[in-house]
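This report concerns only the one structure given below.
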Amino acid sequence: MAITITLGPNGQYQVNGDANQLDPNLDLVPITGATKLRRMLNETDELIVCPGVYDGLSARIALQLGFSAMYMTGAGTTASRLGMADLGLAQLHDMKTNAEMIANLDPYGPPLIADMDTGYGGPLMVAKSVQQYIQAGVAGFHIEDQVLSKRCGHLAGKKVVNREEYLMRIRAAKSTINRLHSDIVLIARTDALQQHGYEECIARLKAARDLGADVGLLEGFTSKEQARQAVQDLAPWPLLLNMVENGAGPVITTFEAKEMGFRINIFSFASLAPAYLGIKAALERLKTDGVVGTPEGLGPRKLFEVCGLSESMKIDAEAGNSAFVNGV
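Residue numbers (the working numbering): 7 to 334.
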């Protein structure tokens with residue numbers, strides 16, 4: 007029989023909806039995001055849908071809407087933190103710092119998968135990157151085979167390292183995970199399709215799988231048929247689909263992805279593209295009409311509520327302070 011333990015306020019808990027089934031002295035420790043993601047992969051057959059988030063606000067919105075997992079996009083991190091295109095400019099500090107902030111908005115909430123690009127150097131740098139992601143609370147990460155001066159996976163002109171150098175990155179990542187006894191999920195990504203073709207991608211992913219990678223990611227499918235074939239060729243190893251609308255490949259819905267057999271579906275530009283459209287439209291109106299045109303009811307209080315205002319007020323009150331006794 008499945009047992010569901012629900013944690014509530016003030017340390018209260020329920021088992022299968024009943025608050026009186028367990029010894030009240032039992033200590034319950036919430037599981038980490040990494041363990042949660044690994045269990046979702048191993049113990050369910052659900053498609054894990056991860057909206058791409060790039061900052062605190064986009065992550066808070068995803069949390070508010072109840073997504074079961076999130077994905078920190080490298081393209082979005084580069085755009086929001088550096089104001090630059092995704093051309094390998096964001097380095098370990100940029101990516102780890104952003105991932106740590108997002109993962110710890112709700113440390114025991116939806117697990118966060120984060121882009122780790124190429125690992126930012128040789129084996130020693132890959133090991134350092136993996137350790138920092140683990141310490142940051144990241145649940146899973148993907149590491150790829152592009153050269154260090156990489157670019158977005160949906161741009162032309164990508165170049166990849168040879169197979170052995172790629173596998174060296176996978177070995178360094180896996181050995182670090184083992185050394186630190188972490189549940190973090192290692193996702194092996196290949197961008198070799200443009201340069202070397204489909205068969206080389208499958209060969210690289212099979213080799214990464216044999217080294218202990220938990221999930222595979224073939225970037226930039228050229229057709230739905232190719233995506234379906236990859237799932238079949240690598241079964242039963244779980245595959246991740248990176249869905250970038252108006253990118254290099256076809257649009258594949260979450261329903262299609264599940265039917266094809268993918269286990270994780272990330273949407274890298276799910277927050278970034280709408281943010282661009284919304285901000286641009288608002289600023290254009292400011293120039294022409296003299297106001298932004300924010301809808302009625304969407305004031306500072308509403309936005310701050312999305313960003314944890316009530317939780318902050320509760321923490322203050324429980325500590326015995328009265329900073330918000332008269333409200334905000």
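Glycine residues also receive a C-beta, built at the ideal position from the N, C-alpha and C atoms. Note that the structure is predicted; figures quoted are calculated from it, not measured.
Please report the straight-line C-alpha distance between residue i and residue j, rounded to a whole angstrom.
i, j, result
"threonine 228", "valine 237", "14 angstroms"
"proline 306", "lysine 293", "22 angstroms"
"methionine 7", "alanine 263", "Any reading at methionine 7 is ruled out, since the residue's pLDDT is 45, under 50, leaving its predicted position unreliable."
"glutamate 106", "valine 257", "30 angstroms"
"valine 331", "lysine 308", "19 angstroms"
"alanine 192", "serine 74", "As written in the sequence, residue 192 is leucine, which differs from the alanine given in the question. Distance between the alpha carbons of leucine 192 and serine 74: 19 angstroms."
"lysine 102", "valine 298", "34 angstroms"
"leucine 130", "alanine 178", "7 angstroms"
"arginine 291", "alanine 142", "40 angstroms"
"glutamate 52", "tryptophan 243", "15 angstroms"
"arginine 169", "glycine 128", "14 angstroms"
"glycine 303", "valine 334", "16 angstroms"
"glycine 343", "glutamine 137", "This structure gives no information on residue 343, because the portion of the chain shown stretches from 7 to 334."
Check this for me: beta carbons of residue i and residue j, under 9 angstroms apart or not?
i, j, result
"leucine 43", "isoleucine 54", "yes"
"proline 113", "threonine 41", "no"
"leucine 247", "isoleucine 272", "yes"
"glycine 255", "phenylalanine 275", "no"
"glycine 125", "isoleucine 149", "yes"
"glutamate 251", "alanine 288", "no"
"proline 36", "methionine 76", "no"
"valine 153", "valine 144", "no"
Return the bridge partner residues of residue i from the DSSP annotation.
i, result
"proline 57", "Phe273"
"tyrosine 282", "Answer is none; tyrosine 282 lacks a bridge partner."
"histidine 148", "Asp121, Ile193"
Out of the options, which one is the CA nearest neighbour of residue i?
i, options, result
"proline 57", "Cys313, Leu154, Thr259", "Thr259"
"aspartate 151", "Gly94, Pro116, Ala142", "Gly94"
"arginine 175", "Phe147, Arg157, Ser328", "Phe147"
"threonine 196", "Val250, Ala241, Leu245", "Leu245"
"threonine 182", "Ala219, Gly203, Glu171, Lys156", "Ala219"
"histidine 187", "Tyr204, Ile140, Leu161, Leu217", "Ile140"
"leucine 111", "Gly159, Val59, Arg215", "Val59"
"tyrosine 282", "Lys134, Ser318, Gly82", "Gly82"
Please go through the stretch 41-97 and give each complete beta strand (DSSP E) segment of 3 or more residues, from N-terminal end onward.
54-59, 76-78
Taking only runs of the alpha helix (DSSP H) that begin and end inside the stretch 151-234, which ones reach a length of at least 4 residues, in chain order?
169-185, 199-202, 204-216
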